[in-house]
Amino acid sequence: MKVLLVRPRPHKETIGLQHVMICEPLELEYLISNIPDDIKSETNAEIIDMILEKRSFEEILYKKKPEFLIFTGYITHVGIIKQMAETAKKIIPSVKT
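What the sequence shown shows, in my numbering, is residues 64 to 160, in sequence order.
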């Protein structure tokens, strides 16, 4: 099972902590660390941090071909997450978001 856990890049006009410092996506790290042992060997989970990522989201989707996409974000990310989910569904119609 291929799982991508994605932290989106905030909108340019958003004022947030990322302008001062960039913290790791700890919430996604917690999720990965809690994958049950009985399915760990069957699970390929990877964190994609779009704040630091040089590749486009589309390029990542074409290369990784995930079965599941998990997004994290704040209220200011809702629009971006919706756009990313729509993009993912166009590229990989079977992906679960």
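Even glycine gets a Cβ: it sits at the ideal position worked out from N, Cα and C.
- In this structure, DSSP gives Leu115 a state outside helix and strand, which the three-state scheme calls coil.
- As a beta-bridge residue in DSSP terms, Glu109 pairs with Leu67.
- Relative to Ile95, the option among Val69, Thr160 and Gly142 whose CA is nearest is Val69.
- Under the DSSP assignment, Ile133 falls in the beta strand (DSSP E) whose first and last residues are Phe131 to Phe134.
- Sixteen is the threshold: since fewer than 16 other Cβ atoms of the shown chains lie within 10 Å of the Cβ of Met64, the residue is exposed.
- DSSP, read as helix, strand or coil, puts Lys145 in helix.
- Bridge partners of Lys159 according to DSSP: Phe131.
- For Ile102, the enclosing alpha helix (DSSP H) begins and ends at Asp100 to Lys103.
- In the assembly as shown, Pro88 is a buried residue. Its beta-carbon has 16 or more other beta-carbons within 10 Å.
- About 6 Å separates the beta carbons of Ile111 and Leu67, which is inside the 8 Å limit, making them a contact pair.
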